[in-house]
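Below: the structure, in structure tokens.
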Amino acid sequence: MNEFLIANMAPIMFGALIVFMLVGFPVAFALAANGIFFGLLGIHLGLLNESLFMALPERVFGIMNNDTLLAVPFFTFMGLVLERSGLAEELLDTIGQLFGPIRGGLAYAVIFVGALLAATTGVVAASVISMGLISLPIMMRYGYDRKIASGVIAASGTLAQIIPPSLVLIIMADQLGRSVGDLYEGALIPGLTLTALYVGFIFLVSIFRPAAVPALPLEARSLHGMKLLMRTLTSLVPPLLLIFLVLGTIFIGVATPTEGGAMGATGALLLALAKKRLSWRLLRQAMDSTAKLTTFVVFILIGARVFSLTFYGVDGHLWVEELLTALPGGVVGFLIVVNILVFVLAFFLDFFELSFIIVPLLAPVADKLGIDLVWFGVLLAVNMQTSFMHPPFGFALFYLRSVAPKEVKTSEIYWGAIPFVLIQIIMVSLIIVFPNIVSYGDSGHGDTKKPEVELSIEQLQQSGSSDAPAQKDDDLAKTLRGEK
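Using the UniProt record's numbering, the letters of the sequence shown map in sequence onto residues 1 to 484.
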């Protein structure tokens with residue numbers, strides 16, 4: 001029995017984690033409990049050194065000392081302040097007036113506002129709830145198909161996950177050991193392309209099912225001429241300035257993502273002050289929600305580091321690597337299987353959990369196959385975006401359900417999401433077929449390595465992958481086993 005446990009510790013450990021999560025145990029504690037239990041079991045069986053858990057305090061302190069993660073509370077706070085300052089309401093009203101005369105105008109407005117909110121807030125919940133409260137009743141009032149209206153609101157809100165400044169890209173950069181700025185630059189064109197695909201879908205609906213997306217009646221279009229022009233300028237200029245303040249300074253190298261987040265949070269406060277919406281109640285609510293989300297991220301990260309320390313100690317990474325590199329089809333087979341795996345897991349896990357559990361296992365294999373990790377991170381981020389849209393557990397669908405009128409059925413929200421999930425799958429395929437969609441850096445640094453190109457072992461060792469947390473756990477585990 002002991003021999004069987006020693007030989008199969010890694011798959012047993014991974015299977016136990018899946019069971020814990022399927023029964024509904026909190027992910028952070030499921031990760032930590034598995035890491036500690038199997039770590040103690042490994043020590044008892046003589047598979048691991050007794051000094052294994054002496055490394056945990058250093059790992060926890062390393063998380064607390066991680067400058068990259070500082071961007072998470074800054075961007076979260078910025079998004080929450082903007083959501084409560086009325087930015088979404090003004091944008092939707094103004095752009096709705098602009099596109100009102102054409103079929104599908106309100107749907108176009110929701111998509112464009114979703115993209116603008118994504119580029120300013122980076123928080124999916126804030127975007128979906130804001131647009132659900134403001135635009136869904138209006139779309140229903142003027143005869144929009146409920147499925148189309150629900151789907152376009154939920155899908156546009158999830159653009160906050162792929163269009164910078166996205167929280168998932170910050171976490172992805174940390175797990176891959178890559179620059180947040182590189183992932184932001186790499187994700188910009190795919191995010192805008194996905195937005196264009198949403199627009200294209202509504203355009204097709206307006207042609208083949210015009211009654212489902214009617215134009216606004218004349219009496220609903222209250223702004224005309226110079227008034228509409230001035231309203232457009234005053235509503236669009238502040239968020240565009242904020243986008244440049246945050247993303248522009250990061251892209252041109254003036255600020256780090258953390259500094260950009262700090263400037264964005266300051267800009268959001270100034271914008272709320274200018275709109276006379278800044279109050280102690282708003283600040284208290286924003287800080288409370290920010291603290292909760294940041295704590296949630298840190299606890300999952302701590303649990304993931306406990307799990308990965310033991311998992312790497314029992315050669316779990318080698319087990320995963322052997323499974324994935326033995327797949328038929330080489331790199332293409334690896335990408336297909338990985339994307340199917342992430343797509344299926346997204347039915348049950350959100351992007352934080354996927355980032356902390358799956359990405360550290362996949363990244364070393366991708367790096368060994370010669371896949372550029374920034375490209376790989378953007379690909380996974382687009383795939384993980386479906387986790388917000390999957391019926392029946394998509395969080396964007398839950399957010400919309402919580403604010404949708406009672407006459408909108410839950411089944412209508414679910415059916416409305418399916419076309420947009422298919423569009424997201426198409427976007428994943430486009431990134432694989434046209435890898436140069438993901439571009440970043442300057443002086444040729446942005447030329448992504450196509451997945452077909454393999455690197456030598458020496459190049460892999462010099463590629464910077466040692467910055468990734470998974471590699472650090474691997475090195476420590478080898479030291480504890482006396483291999484280094």
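Backbone N, C-alpha and C define an ideal beta-carbon position, used for all residues, glycine too.
The structure displayed is predicted, hence computed values, not measured ones.
**Prompt:** Just how far apart, CA to CA, sit valine 342 and alanine 326?
**Reply:** Using only the alpha carbons, I get a separation of about 18 Å.
**Message:** I need the DSSP call for tyrosine 312, collapsed to helix, strand or coil.
**Reply:** Reduced to three states, the DSSP call for tyrosine 312 is helix.
**Asked** Are the region 356-363 and the region 387-402 touching, with three or more C-beta to C-beta distances below 8 Å?
**Response** Not touching, per the Cβ criterion.
**Message:** Is it buried or exposed, proline 190, if we count other Cβ atoms within 10 angstroms and call 16 or more buried?
**Reply:** Buried, by the Cβ-count rule.
**Request:** For tryptophan 280, count neighbouring Cβ atoms within 10 angstroms of its own Cβ and tell me buried if that reaches 16, exposed if not.
**Result:** The Cβ neighbour count for tryptophan 280, taken over all protein chains shown within 10 Å, is under 16; the residue is labelled exposed.
**Request:** May I ask which residues mark the beginning and end of the alpha helix (DSSP H) holding lysine 147?
**Result:** Counting along the chain, lysine 147 sits inside the alpha helix (DSSP H) bounded by residues 146-157.
**Assigned secondary structure, asparagine 8 (DSSP; H/G/I helix, E/B strand, else coil)** = DSSP places asparagine 8 outside both helix and strand once states are collapsed to three, so it counts as coil.
**Message:** When you compare the CB of isoleucine 202 with every CB in chain B, is at least one pair closer than 7 Å?
**Reply:** As a matter of chain content, chain B is missing from the structure shown, which is built from one protein chain.
**Request:** Confirm the yes/no value for this check: CB of methionine 64, any heavy atom of the ligand GDP, distance under 6 Å.
**Result:** The ligand GDP is absent from the structure shown, which contains no ligands of any kind.
**Message:** Using C-beta distances below 6 Å, list every residue in its chain close to threonine 232, excluding the 5 sequence neighbours before and after it, in chain order.
**Reply:** Closer than 6 Å at the Cβ level, and outside the excluded window around threonine 232, lie Thr94.
**Request:** Buried or exposed for proline 210, please, with buried defined as at least 16 other CB atoms from any protein chain shown within 10 angstroms of its CB.
**Result:** Classification of proline 210: exposed, given that the 10 Å Cβ count is below 16.
**Prompt:** Rounded to whole angstroms, how far is the Cβ of glycine 329 from the Cβ of phenylalanine 75, which I believe are closer than 8 Å?
**Reply:** Contact flag wrong, Cβ pair sits at about 38 Å.
**Item:** Distance, phenylalanine 14 Cα to phenylalanine 348 Cα
**Value:** Phenylalanine 348 and phenylalanine 14 have their C-alpha atoms some 16 Å from each other.
**Prompt:** Span of the alpha helix (DSSP H) holding proline 73?
**Reply:** Following the DSSP letters along the chain, one finds proline 73 inside the alpha helix (DSSP H) bounded by residues 71-84.
**Item:** proline 57, DSSP secondary structure in three states
**Value:** The DSSP-derived three-state label of proline 57 is helix.
**Request:** Just tell me which of Thr258, Lys292, Val180 and Lys147 has its CA closest to the CA of valine 205.
**Result:** It is Lys147 whose Cα lies nearest to the Cα of valine 205.
**Request:** Give the secondary structure of serine 289 by DSSP, where H, G and I count as helix, E and B as strand, and everything else as coil.
**Result:** Correct three-state label for serine 289: helix.
**Asked** Ordered along the chain, which non-local residues of its own chain (more than five positions away) have a Cβ less than 8 Å from that of tyrosine 144?
**Response** Only Leu106, Ala107, Ala212, Val213 and Pro214 meet the Cβ criterion.
**Prompt:** Are proline 137 and leucine 247 touching if we call contact CB-CB under 7 Å?
**Reply:** The Cβ atoms of proline 137 and leucine 247 do not sit closer than 7 Å to each other.
**Asked** Which residue from Gly39, Ala196, Ala30 and Val124 puts its Cα closest to that of alanine 10?
**Response** Comparing alpha-carbon positions, the option among Gly39, Ala196, Ala30 and Val124 lying closest to alanine 10 turns out to be Gly39.
**Message:** I'd like the ranges of any beta strand (DSSP E) spanning at least 3 consecutive residues and lying wholly in the region 191-270.
**Reply:** List check, beta strand (DSSP E) in window: nothing returned.
**Item:** Nearest to residue 487 (by Cα), restricted to the options Val23, Ile171 and Ala286
**Value:** Outside the displayed range of the chain (1 to 484) lies residue 487, so it cannot be described from this structure.
**Asked** Helix, strand or coil for aspartate 372 per DSSP?
**Response** In the structure shown, the three-state DSSP call for aspartate 372 is coil.
**Prompt:** Considering glycine 24, what are the terminal residues of the alpha helix (DSSP H) in which it resides?
**Reply:** Note, glycine 24: premise wrong, no alpha helix (DSSP H); not H, not E.
**Prompt:** In chain order, what residues of the same chain have a beta carbon less than 7 Å from the beta carbon of leucine 45, not counting five sequence neighbours either side?
**Reply:** Contacts found: Asn2, Leu5 and Ile6.
**Item:** Straight-line Cα distance separating aspartate 182 from glutamate 322
**Value:** Distance between the alpha carbons of glutamate 322 and aspartate 182 is about 29 Å.
**Request:** Count the CB pairs spanning the region 268-277 and the region 77-85 that are closer than 8 Å, and state whether there are at least three.
**Result:** Note that the region 268-277 touches the region 77-85; at least 3 beta-carbon pairs, one per stretch, sit closer than 8 Å.
**Request:** Please look up how many angstroms separate the CB atoms of residue 533 and leucine 91, rounded, as I've assumed it's under 8 Å.
**Result:** Nothing in the structure corresponds to residue 533, since the chain is present only between 1 and 484.
**Item:** Endpoints, the alpha helix (DSSP H) within which alanine 346 is located
**Value:** Careful: alanine 346 lies outside any alpha helix (DSSP H) and carries neither H nor E.
**Asked** Between which two residues does the alpha helix (DSSP H) containing residue 486 stretch?
**Response** The question about residue 486 has no answer here: the residues shown for the chain are numbered 1 through 484.
**Asked** According to the neighbour-count rule (16 or more other Cβ atoms, all chains shown, within 10 Å of its Cβ), is isoleucine 252 buried or exposed?
**Response** Result: exposed.
**Prompt:** Using the C-alpha atoms, what's the distance from valine 331 back to leucine 369?
**Reply:** Computed Cα separation, rounded: 7 Å.
**Prompt:** So valine 124 packs on glycine 303, CB below 8 Å; how close in whole Å?
**Reply:** Rounded to the nearest angstrom, the Cβ distance from valine 124 to glycine 303 is 22 Å, too far for a contact under 8 Å.
**Message:** On the CB-based measure, 16 or more other CB atoms within 10 Å of its CB, does alanine 381 come out buried or exposed?
**Reply:** By the 10 Å Cβ count, alanine 381 comes out buried.
**Prompt:** In chain order, what residues of the same chain have a beta carbon less than 8 Å from the beta carbon of leucine 22, not counting five sequence neighbours either side?
**Reply:** Excluding the 5 residues flanking it on each side, leucine 22 has same chain C-beta neighbours closer than 8 Å at Phe348, in chain order.
**Item:** Span separating the alpha-carbon of glycine 104 from that of phenylalanine 112
**Value:** Each residue's alpha carbon lies about 12 Å from the other.
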